[in-house]
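Asker: Chains as they are written, first to last, in this note's numbering: chain A, 113 to 549; chain B, 113 to 549.
C-beta atoms are modelled at their ideal positions from N, C-alpha and C, and glycine is treated no differently.
#1: In chain order, what residues of the same chain have a beta carbon less than 6 Å from the beta carbon of residue 596(A), not counting five sequence neighbours either side?
#2: Along chain B, which residues have their Cβ under 8 Å away from the Cβ of residue 452(A)?
#3: Between which two residues does the beta strand (DSSP E) holding residue 454(B) run?
#4: Would you call residue 548(B) buried or exposed, if buried means 16 or more other Cβ atoms sit within 10 Å of its Cβ?
#5: Quick one: list the residues of chain B neighbouring residue 323(A), beta-carbon separation under 7 Å, in chain order.
#6: Out of 288(B), 141(B), 499(B), point me to the one whose CA is closest to residue 151(B)'s CA.
#7: At a Cβ cut of 9 Å, what residues of the stretch 523 to 534 of chain A count as close to chain B, listed as they run along the chain?
#8: Determine whether the beta carbon atoms of residue 126(A) and residue 166(A) lie at a separation below 9 Å.
#9: Would you list, in chain order, the members of the stretch 209 to 221 of chain A that have their beta-carbon closer than 7 Å to a beta-carbon of chain E?
#10: Listing by chain order, which chain A residues have their CB less than 8 Å from the CB of residue 164(B)?
#11: If you run the structure through DSSP and keep just helix, strand and coil, what is residue 427(B)?
#12: Under 9 Å, Cβ to Cβ, is there at least one residue of chain B near residue 536(A)?
#13: Would residue 465(A) pass as a contact of residue 529(A) if the rule is Cβ separation under 9 Å?
#14: Considering only residues of the stretch 237 to 299 of chain B, which uninterrupted alpha helix (DSSP H) runs meet the minimum length of 4 residues and lie entirely inside it, listed in chain order?
#15: Please report how far the alpha carbon of residue 283(A) lies from the alpha carbon of residue 436(A), in whole angstroms.
#16: If the cut is a Cβ gap below 8 Å, which residues of chain A does residue 282(B) touch?
#17: Please name the residues in the stretch 131 to 157 of chain A whose beta-carbon is closer than 9 Å to at least one beta-carbon of chain B, in chain order.
#18: I'd like the span of the alpha helix (DSSP H) that includes residue 381(A), first residue to last.
#19: Please tell me whether residue 201(A) has its Cβ less than 9 Å away from any Cβ of chain B.
#20: Based on Cα-Cα distance, which residue from 479(A), 269(A), 511(A), 218(A) lies nearest to residue 169(A)?
#21: Quick one: what does DSSP say residue 327(B) is sitting in, helix, strand or coil?
#22: Is the CB of residue 309(A) under 9 Å away from at least one CB in chain B?
#23: Grab me the residues of residue 196(A)'s own chain with a C-beta within less than 8 Å of its C-beta, minus the 5 sequence neighbours each way, in chain order.
#24: Measuring straight from C-alpha to C-alpha, what distance separates residue 159(B) and residue 264(B)?
#25: Residue 111(B) by DSSP, collapsed to three states: which one?
#26: Sorted by chain position, which residues of the same chain lie with C-beta nearer than 6 Å to residue 291(A)'s C-beta, five sequence neighbours on each side aside?
#27: Name, please, each residue of chain A whose Cβ falls closer than 9 Å to the Cβ of residue 517(B).
#28: Of all the options 480(B), 325(B), 470(B), 416(B), which has the alpha carbon lying nearest to the alpha carbon of residue 523(B)?
#29: Assess, as a yes-or-no matter, whether the stretch 315 to 332 of chain B is touched by the stretch 383 to 395 of chain B under the definition of 3 or more beta carbon pairs within less than 8 Å.
#30: What first and last residue would you give for the beta strand (DSSP E) that runs through residue 189(B)?
#31: What are the boundary residues of the alpha helix (DSSP H) that residue 355(B) is part of?
#32: Can you look up residue 126(A) in the DSSP assignment and give me helix, strand or coil?
#33: Just verifying my parser: in three-state terms, what is the DSSP assignment at residue 549(B)?
#34: Can you tell me whether residue 350(A) is buried or exposed, with buried defined as 16 or more other CB within 10 angstroms of its CB?
#35: Nearest to residue 366(B) by alpha carbon, out of 298(B), 334(B), 393(B)?
#36: Run through DSSP, which three-state label would residue 210(B) get?
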């Protein structure tokens, strides 16, 4: 008996999965370890930037109003009454026709309201007395970085869930985060099923292939921000597989299985879900590859039944598992960014289904060009290495031509998108196509 | 006395640094650890993909020539003589009007040259004998994934130096790399100088700022593929600083200092280079920020003297240190990718120098839009968190308008570019501007 499954739309499937989103806990790591984590709390300025009026250059601080008459033909002479390095403070007040030598980053001395760059003055030394000759006038505030001009105390500089890149690290250091609150990574179990699978280091045998999905998904989990736990490769034996899935399920935040979800005699996962008592959210999605992708939940915990086919497994993970991981990390932009690009080549295949074709994004004179990589047979792995996008080719067309507008999903992007933006972008694309067509 | 330094062009500076490039060693990590590393050797297919002719679907394998007469009105009946799961092999040969039930991924039985999908046949069972009814003809090779159609044994699937992403991990698993040869990461020392610097957890004091550069560079090193070693924050005292720089220099592959390179009385680095016996490659670059970036070498080992100014430090690292790191990792595309984008906003500042403005890259209907972030004062840090590009604004103009073509450097891109492509792209841009103008 072949079960007839009713496919649902990709966007509907994403929404069903996201009904079970839940945020994880927050923990602290040292700032050195923080790169590549996700902020567990909003990053807040604990002081103004700059914290005080300071000099952006090496130069001389003085009073602008004293400089009004300075010109190339009649330079004015200022007495140098002190010298401050960055980190030092000038005691006392600078008075009429006086100047203080100041280094980049140092605090502007009391009384001063302008800085002239070192290169623009002539330094004199007469009888052990230092002075400078100034050949131009300055306006009040000239060459002064004013306290708070960049950032005010209390400003939110990055929201929780933000990927910690080097710029964020600089902010964390500036605002005193020696220990950084980061989102705890979800523990995500992986079980590979399929008696056709060999271990990586086994020699090839007739009818068998090496298990690549488990390790691919393992690294996809890391890229998405999760902590993978590989439970190994299980046989297609029902009872063994049930025990192992059930055990693993209790040790993780989410569980991924690869393989075993087709409508075939050797595909036990649907029966295992039933025996576990999990509710199937969907078991067929209107897309290629990955139509047999199945997601189930029990007590709010999700099981992702990804296809055993490498491309389908890859696509199913990025569409359905990745947003759940990013949400766990407190991001409100959990879905991969979807953008418009131009097809870099003809894609003549008739296309009854919505397809997610692995592609390579390149740039041509400021335009995004999307080119399918490899043969794009759904069981081909070699093209995955070069892929940095999924090209979305809606079904119901007779093929695509070079230069046509397509939607692409950016696989390496860290900013992401809100779920509703992702879904809305398809509607916008369809509307645009109707207008064009 | 103020030293007058002669600035050199950015591209010239990159070329001078790259004269001292050297590749590092290769080590092995488990495939689970390989994500985010860089291949130390070319990735080579150890077998055809697929390794044998196989079925891309669940269905029935049979001989195409037997199906010639099949049609909706006169379906043909085939005897089902066996059943093979993925990973099993059918013993014997399939003969005239026979079929074998076959699962996705299973090897095509001897004699067969086509597969019909499960959904397209009617299965019969009469007196314990299985058969199928076929309503259409098949062509030889239909629904068969042929051995080697994706990849031939011996093919180079990814070059050494390639960033290991999940697709590369899939390839590594498929081709038996349980242990993966990866490029050993260069050890890169960091020393922060400047008596104005506070530790992250110190309360703010008048005239002082917290040390953000060291931690920012620390994470930039990780992103670039290096292993950072932070030696701490040194005072501006010359002798102490010399000892510490000299000690650190012997423990690392490259050494970075932040601060202390301006032409100021408290900037000791130039004198320290001299005392170490290092040759200065350049100490002034015609760009803003980062004009005082200094690079020196001793016995082929490089010292990067980055500015104490956060933006200048950031830019100097990405332009000069990153390519050296990627080259150490065996990449032949060591420089960040430079592309054309359209300016997303007016940038009215007159611009005597080549500027590298931190910006955010977004996409508008398939076009790259580059928008400067924050105020872009060179000592502003808050904008760095949102920056994913550097916008290159060549000097000698009276400002830029929204929509103008600009070059952008992609900070998060892993593919990179060859040094000569990077340099050539500026020439192309200038040529284009001349044609337009």
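Answerer: Straight from the coordinates:
#1: The structure shown does not extend to residue 596(A), since chain A is modelled only from 113 to 549, so the question has no answer here.
#2: 475, 477, 478
#3: 450 to 455
#4: Unreliable positioning characterises residue 548(B) in this predicted model, as indicated by a pLDDT of 49, which lies under 50. A coordinate reading is not provided.
#5: 285
#6: 141(B)
#7: 523, 524, 525, 526, 527
#8: no
#9: The structure shown contains no chain E; the protein chains it does contain are A and B.
#10: 318, 319
#11: helix
#12: no
#13: no
#14: 278 to 286
#15: 27 Å
#16: 324, 325, 327, 328, 422, 426, 493, 496, 497
#17: 143, 144, 146, 147, 148, 155, 157
#18: 381 to 388
#19: yes
#20: 218(A)
#21: helix
#22: yes
#23: 202, 212, 213, 214, 215, 218, 219, 221
#24: 7 Å
#25: Residue numbering for chain B in the displayed model covers 113 to 549; residue 111(B) lies beyond these limits and cannot be assessed.
#26: 140
#27: 477, 478
#28: 470(B)
#29: no
#30: 188 to 196
#31: 350 to 361
#32: helix
#33: Note that residue 549(B) scores 40 on pLDDT, short of 50, meaning its location in the model is unreliable; the coordinates nonetheless yield the value given after this. DSSP places residue 549(B) in coil when its eight states are reduced to three.
#34: exposed
#35: 298(B)
#36: strand
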